[in-house]
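J.: I'd like to ask you about the structure that follows.
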Ligand SMILES: Cc1ncc(C[n+]2csc(CCOP(=O)(O)OP(=O)(O)O)c2C)c(N)n1
Ligand SMILES: [Mg+2]
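Protein chains in written order, with our numbering: chain A, 53 to 395; chain B, 478 to 803.
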């Protein structure tokens, strides 16, 4: 089948990278670098058998979580998919708690019972990584429904992969969110593939953001997901719309995953080429911000080195902490099936 | 004591719980303007307004998920499925979202939600609209399943379900909505997880629930004329099951028949028989028998449908067999 590479991060959405406000840039650089190095460490831990099961790395997509979650309020809500480590970190779950969860230990953010795909944290309103493609999209609409029901001005951000736009739950949730004007940002992280299936081989629509056209009052926006400033700016408007007008938006953030779909998938191979990967890596969201800052004079090479060292220490600390954390005791098996209730 | 219908009893439960707690809302197809496909939510829109009585599009998967999401952050939704046949489109949200959330979040996010609607066969609705899903749902750890057979039980159990902090499935009976029974004026709640000995006999136990309770009561009436006296154990809650109530009755009668509306294979009765053989083996005077729907999709033709369904005659035959009478 002839395929047009329309949903391509290097096409019309590509923006020229510039540095911005120094403090914000540093924060964002730190946030993205932490995710990058954390995920690399996760890959190592997986190879050593410290982490089991399915494990999906976020490397390459860091600008999306940093650009969006970084501007939320503490009382806003975040929900997403199994590819959730980066989002969990940006939302403020500690690297220790995320790593301990990956290791299946008691100090994990889900007490070792969730694992890689199910990071949860009540304190940061992180409503989970969810493992059934598309199923969490209605949950996000439900969170928006609850916000509106209570007359609050929070927003709910729902991250999802590109393959979600083809599943029924997505459409049902978008329809009701538009119909009832729910304050939800539906964020498609279009990393070009759902496992090994390229977007154009699965979605009968050229721009995924056009899925919003079917729902009155819902804006569909295309965002360059390799540039954290673009992500932040475009999202700011959608957040404001949700907060002040209680209107949902559909954001298609064009990004790219550098690693395989999960740990068992080769980095490149049958469904994508090494050349393509190399090309995307040349737009790297972390290093391009760093370079822009160096050019703008808002960061020196020495400062970068210090940042790297700091992040490396944080990630190592997370590993050490996770490694030392006990496994959940056998008694935990029967805990948390139901809550005690007084009816 | 006032005598009201099963439908009115459910309606009262909804009204009382919505008045008691403004986090409780009801969502589903036709629940508002239309007053409910089976009129269970009659008058609620008028009383509580459209924020709390929400007419949804025909999108079971979507609105079940909206319910779960809203429950994760503090609301207490009652999600009405027009019938449980259509809830199959939403089963992912019941099984993968609601039932799993507390566990996979390490105890952080409970989901206080009720999924309710009519379950089981009515009359000549054909294969896709005549199914009893007790065993599908009761199979899942992380949810509770109740199946009331009388107006009194319907009201008390629905109220308890709404107050419960866990996901609760309420299986109503389409054929039960018009049935009548005594329901007191005063407030009451029936605790989940407790069976009710609906009738005391001593010769044989019938373990059952939901619509089949009415069949079991008929059977008990009829057999009493033949001097066979039946203990009718109404499970009320299928998960968690009140096994002690089953054991107590079976140890007394030493014979049991399990009567259920659904299919045989992997049915509720199979589980009950397993509990009985494990804990009451030495007390049994006969193998435990089961009465259930024929192992076929429900036929439309009246005569075929009748023979496919579990009924009083089949149950009487089973009781006589375990009593070695014929
Ligand atoms: C309903 C469902 N079908 C299939 C799967 C198996 N599966 C897990 S991830 C995935 C691909 C999803 O791709 P995408 O939505 O683009 O997200 P990405 O992994 O790229 O972040 C598939 C098919 C699943 N988890 N759920
Ligand atoms: Mg993808």
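Ideal placement from N, C-alpha and C gives every residue a C-beta, glycine not left out.
It should be emphasised that the depicted structure is a prediction, and the values quoted were computed from it without experimental measurement.
#1: Please list, in chain order, the chain B residues whose beta carbon lies closer than 7 Å to that of residue 184 (chain A).
#2: Assuming residue 109 (chain A) and residue 133 (chain A) make a contact with CB atoms under 8 Å, what is their CB distance in whole Å?
#3: Around the C-beta of residue 155 (chain A), are 16 or more other C-beta atoms found within 10 angstroms, so that it is buried, or is it exposed?
#4: At a cut-off of 6 Å, is residue 247 (chain A) close to ligand 1 when judged by its beta-carbon and the heavy atoms of the ligand?
#5: Please confirm whether residue 545 (chain B) has its beta-carbon closer than 7 Å to some beta-carbon of chain A.
#6: If residue 130 (chain A) and residue 587 (chain B) are in contact, beta carbons under 8 Å, what's the gap, nearest whole angstrom?
#7: Closest Cβ-Cβ distance between residue 642 (chain B) and chain A: below 7 Å?
#8: Figure out for me which residue from B:508, B:533, B:488, B:800 has the closest Cα to the Cα of residue 229 (chain A).
#9: With H, G and I counted as helix, E and B as strand and the rest as coil, what does DSSP make of residue 59 (chain A)?
#10: Is it buried or exposed, residue 480 (chain B), if we count other Cβ atoms within 10 angstroms and call 16 or more buried?
#11: What is the DSSP secondary structure of residue 245 (chain A), counted as helix, strand or coil?
#12: Going by DSSP, name the residue or residues bridged to residue 682 (chain B).
#13: Looking at C-beta atoms only, is the number of pairs between the region 661-675 of chain B and the region 633-651 of chain B that lie closer than 8 Å three or more?
#14: Note down, in chain order, every chain B residue with its Cβ under 8 Å from the Cβ of residue 162 (chain A).
#15: 7 Å is my cut-off, CB to CB: does residue 228 (chain A) come that close to chain B?
#16: Taking the alpha carbon of residue 499 (chain B) as the point to measure from, which residue in A:147, A:138, A:202, A:83 has its own alpha carbon closest?
#17: Just tell me which of B:626, B:742, B:698 has its CA closest to the CA of residue 790 (chain B).
#18: Report yes if the C-beta of residue 213 (chain A) is less than 6 Å from at least one heavy atom of ligand 2; otherwise report no.
#19: Do you know whose CA, among B:764, B:579, B:677, B:657, lies nearest residue 165 (chain A)'s CA?
#20: What does the Cβ neighbour count give for residue 618 (chain B), buried or exposed, with the cut at 16 atoms within 10 Å?
#21: In chain B, which residues lie with their C-beta within 7 Å of the C-beta of residue 388 (chain A)?
#22: In chain A, which residues lie less than 7 Å from residue 487 (chain B) when you measure between Cβ atoms?
#23: In the DSSP assignment, what residue or residues form a beta bridge with residue 557 (chain B)?
#24: Among A:193, A:247, A:273, which has the Cα closest to the Cα of residue 316 (chain A)?
#25: What does DSSP give as the partner residues of residue 302 (chain A) in its beta bridges?
#26: Do you know offhand how far residue 572 (chain B)'s Cα is from residue 506 (chain B)'s?
#27: How far does the alpha helix (DSSP H) with residue 199 (chain A) in it extend, from its first residue to its last?
#28: Can you name the start and end residues of the alpha helix (DSSP H) that residue 695 (chain B) belongs to?
#29: Return the residues of the region 597-629 of chain B that lie within a Cβ-Cβ distance of less than 9 Å from chain A, sorted by chain order.
#30: Classify residue 389 (chain A) as helix, strand or coil using the three-state DSSP reduction.
#31: Report yes if the CB atom of residue 768 (chain B) is closer than 7 Å to the CB atom of residue 749 (chain B), and no otherwise.
#32: Checking the sheet assignment: what are the DSSP bridge partners for residue 673 (chain B)?
#33: In three-state terms, what does DSSP make of residue 621 (chain B)?
#34: On the DSSP letters alone, give me the boundaries of the beta strand (DSSP E) that residue 497 (chain B) sits inside.
T.: Inspection of the coordinates gives the following:
#1: Those within 7 Å of residue 184 (chain A) in chain B are 569, 573.
#2: Wrong, their Cβ atoms sit about 13 Å apart, outside the cutoff.
#3: Burial call: buried.
#4: Flag set: Cβ of residue 247 (chain A) near ligand 1.
#5: Interface criterion met: the Cβ of residue 545 (chain B) is under 7 Å from a Cβ in chain A.
#6: 19 Å between Cβ atoms; not a contact.
#7: So, interface residue.
#8: It is B:533.
#9: Low per-residue confidence applies at residue 59 (chain A): pLDDT is 42, beneath 50, and the placement is therefore not dependable, though the value from the model is reported in the following sentence. Note: residue 59 (chain A) maps to coil in three-state DSSP.
#10: It is exposed - the Cβ of residue 480 (chain B) has fewer than 16 other Cβ atoms within 10 Å.
#11: It is a strand residue.
#12: Answer is B:708, B:733, bridged to residue 682 (chain B).
#13: As far as the Cβ criterion goes, the region 661-675 of chain B touches the region 633-651 of chain B, which means the pair count is three or higher.
#14: Those are 581, 582, 583, 585, listed as they occur along chain B.
#15: Answer yes: the Cβ-Cβ gap between residue 228 (chain A) and chain B drops below 7 Å somewhere.
#16: Looking at the Cα atoms, A:202 is the closest of the given residues.
#17: With distances taken between Cα atoms, residue 790 (chain B) lies closest to B:698.
#18: It does: the Cβ of residue 213 (chain A) is within 6 Å (strictly closer) of some heavy atom of ligand 2.
#19: Nearest C-alpha to residue 165 (chain A): B:579.
#20: Exposed: under 16 other Cβ atoms inside 10 Å.
#21: Within chain B, the residues near residue 388 (chain A) are 579, 580, 583, 584.
#22: Result: empty, since nearest Cβ-Cβ is about 16 Å, beyond 7 Å.
#23: Looking at the DSSP assignment, residue 557 (chain B) forms a beta bridge with B:505, B:593.
#24: Proximity to residue 316 (chain A) across A:193, A:247, A:273 peaks at A:247, based on C-alpha coordinates.
#25: Under the DSSP definition of a beta bridge, residue 302 (chain A) partners with A:238, A:272.
#26: Pairing residue 572 (chain B) with residue 506 (chain B), the inter-Cα distance amounts to about 21 Å.
#27: From DSSP, the alpha helix (DSSP H) with residue 199 (chain A) extends over 188-201.
#28: Looking at the DSSP string, the run of the alpha helix (DSSP H) that includes residue 695 (chain B) is 689-701.
#29: Legend: CB atoms of the region 597-629 of chain B lying less than 9 Å from CB atoms of chain A belong to residues 618, 619, 620, 621.
#30: Note: residue 389 (chain A) maps to coil in three-state DSSP.
#31: No, the pair does not count as a contact, with Cβ atoms beyond the cut-off.
#32: Under the DSSP definition of a beta bridge, residue 673 (chain B) partners with B:711.
#33: For residue 621 (chain B), the three-state secondary structure derived from DSSP is strand.
#34: Element bounds for residue 497 (chain B): not the beta strand (DSSP E) but the alpha helix (DSSP H), 483-497.
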